[in-house]
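Okay, so here's the structure we're looking at.
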Amino acid sequence: MRPFNHINAASLSEAANALKKGGAVAIAGGGDLLGALKDNIFPAYPKTVVNLKSIPALSDITADGEGLKIGALATLADIARSPVVSENAKILAQAAGMASSPTLRETTTIGGNLCQLPRCWYFRKLNNRFDCARKGGTRCFALTGDNRYHSVFGGTTFETSPGVNRICIAVNQSDLAPVLTVLGAKFKTTERLIDAGDFFGVGVMTANVCRCGEILTEIQIPKSDFLKSGGYRRFAFRKSIDFPVINLAIAADEKGYFRICLGGVAPVPYRCTKAEDLLKGREITQELAEKAGIAAAEGAEPYEANAYKVQLIKTLVKRELLSL
Ligand SMILES: Cc1cc2nc3c(=O)[nH]c(=O)nc-3n(C[C@H](O)[C@H](O)[C@H](O)COP(=O)(O)OP(=O)(O)OC[C@H]3O[C@@H](n4cnc5c(N)ncnc54)[C@H](O)[C@@H]3O)c2cc1C
Ligand code: SF4
């Protein structure tokens with residue numbers, strides 16, 4: 024770890040102003056950021072770390088007639104064991120309770136989970152060894168290298184500097200992102216309200232559309248029929264302390280409309296609209312669940328090492344539909 028200035032922000036405006044000065048990064052639970060600092064993966068080492076946990080009243084979990092509100096600093100453990108979350112958005116409590124490890128869940132936050140940087144091993148390699156596109160460099164090493172954990176639905180092209188576009192095929196591996204997408208969540212920041220479906224994105228050293236100094240403050244889950252039925256499922260190689268290779272959230276309403284979202288298969292959470300259309304208003308049978316799994320994987324174009332993910336998509340979708 025290299026030396027940096029540390030600011031315990033007393034308010035959101037103090038934190039935002041400190042972040043806007045540049046060379047600064049926000050920290051919540053530190054579950055992702057501390058590893059990134061220790062491994063020295065930043066193209067330019069941050070000069071200042073701005074602590075958000077010193078800002079009061081950002082970890083409340085409440086529900087009212089409009090829906091559920093979760094402060095960005097609520098920990099994954101708080102969410103997993105909250106009766107309010109279980110009652111209003113059961114699959115969110117389930118997903119939070121499966122992420123990382125029991126110890127990490129006590130300190131890491133929902134805001135940090137949604138803003139975490141990609142786990143691509145070229146990106147994470149010690150001492151910034153691979154100056155890849157996601158760090159502002161010229162190429163994506165995973166395109167021709169070891170891409171066994173990467174996207175099967177193509178990459179995202181993004182601007183690394185004015186007028187220069189590059190591609191990244193790293194996936195979003197947050198346990199919570201697909202769940203919040205199917206629940207139609209809205210993310211409140213210091214500047215605006217963003218639909219979950221529009222929040223995730225690809226940019227240099229970022230995995231969301233927030234601008235410099237913009238801080239995620241609250242996750243809002245509006246009351247809807249899609250909260251009534253749903254399921255969450257993940258596939259990981261280890262049972263604990265392991266990111267999902269693929270995860271899946273499904274929400275359904277009483278009229279037979281489905282929302283299905285996968286994580287770990289694309290640079291941002293991936294809505295399986297073809298499977299959703301196929302299922303509309305129909306009773307789930309073994310045959311239909313199988314067809315929906317195939318539809319969910321339609322359009323996948325795996326790279327050399329990750330074709331196994333296509334079969335995983337089909338199996339996870341089928342199994343979760345049958346267990347609903
Ligand atoms: C060993 C290990 C296993 C893990 N396994 C899983 C897993 O299975 N599933 C999973 O989903 N995650 C997993 N994680 C990731 C971890 O759960 C998330 O990274 C964690 O939730 C991050 O939360 P945090 O509060 O610690 O964020 P931090 O590490 O403090 O921050 C993460 C990033 O988000 C930014 N940030 C934090 N809060 C905000 C905010 N309010 N507004 C704007 N930006 C913000 C920070 O600047 C930083 O870039 C794992 C991490 C480790 C180290
Ligand atoms: S997949 Fe993205 S993060 Fe990984 S090497 Fe390619 S550009 Fe970098």
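Counting from 24, one number per residue, gives the positions in the sequence shown under this note's numbering.
A virtual CB, placed ideally from N, CA and C, is assigned to each residue, including glycine.
By the criterion of at least three beta-carbon pairs nearer than 8 Å, the segment 162-179 is not in contact with the segment 248-258.
Ligand 1 has a heavy atom closer than 8 Å to the beta-carbon of D265. Counting C-beta pairs with one atom in each stretch, the segment 82-102 and the segment 227-247 have three or more that are closer than 8 Å, which means they touch.
Exposed is the label assigned to K278, since fewer than 16 other Cβ atoms lie within 10 Å of its Cβ. A distance criterion of 8 Å places the beta-carbon of D198 in contact range of ligand 1, judged by its closest non-hydrogen atom. Taking 9 Å as the cut-off, the beta carbon of L239 is found no closer than this to the beta carbon of L99. By the Cβ-count criterion, D55 is buried, with 16 or more other Cβ atoms from all chains shown falling within 10 Å of its own Cβ. Under the DSSP definition of a beta bridge, C143 lacks any partner. About 4 Å separates the beta carbons of S174 and I192, which is inside the 8 Å limit, making them a contact pair. In the three-state reduction of the DSSP assignment, A67 falls in the coil class, being assigned neither a helical nor a strand state. In the structure shown, I84 adopts extended strand secondary structure according to DSSP, grouped into three states. Within its own chain, the residues whose Cβ lies closer than 6 Å to the Cβ of A118, once the five positions on either side in sequence are excluded, are D198, L199, V202, Y255, listed in chain order. Taking 9 Å as the cut-off, the beta carbon of L347 is found no closer than this to the beta carbon of I269. The C-alpha of P325 lies about 16 Å from the C-alpha of A318. Between ligand 2 and the CB of A33, the shortest heavy atom gap is not smaller than 8 Å. With a cutoff of 8 Å, A259 counts as near ligand 1, since its C-beta is closer than that to a heavy atom of the ligand. Taking all protein chains shown into account, I264 has fewer than 16 neighbouring C-beta atoms within 10 Å of its C-beta and is therefore exposed. By the Cβ-count criterion, T126 is exposed, with fewer than 16 other Cβ atoms from all chains shown falling within 10 Å of its own Cβ. Straight-line measurement puts the Cα of K44 at about 29 Å from the Cα of C163.
With respect to P292, F223 sits close: the two C-beta atoms are nearer than 9 Å. Residue pairing of F281 in beta bridges, as defined by DSSP: A275.
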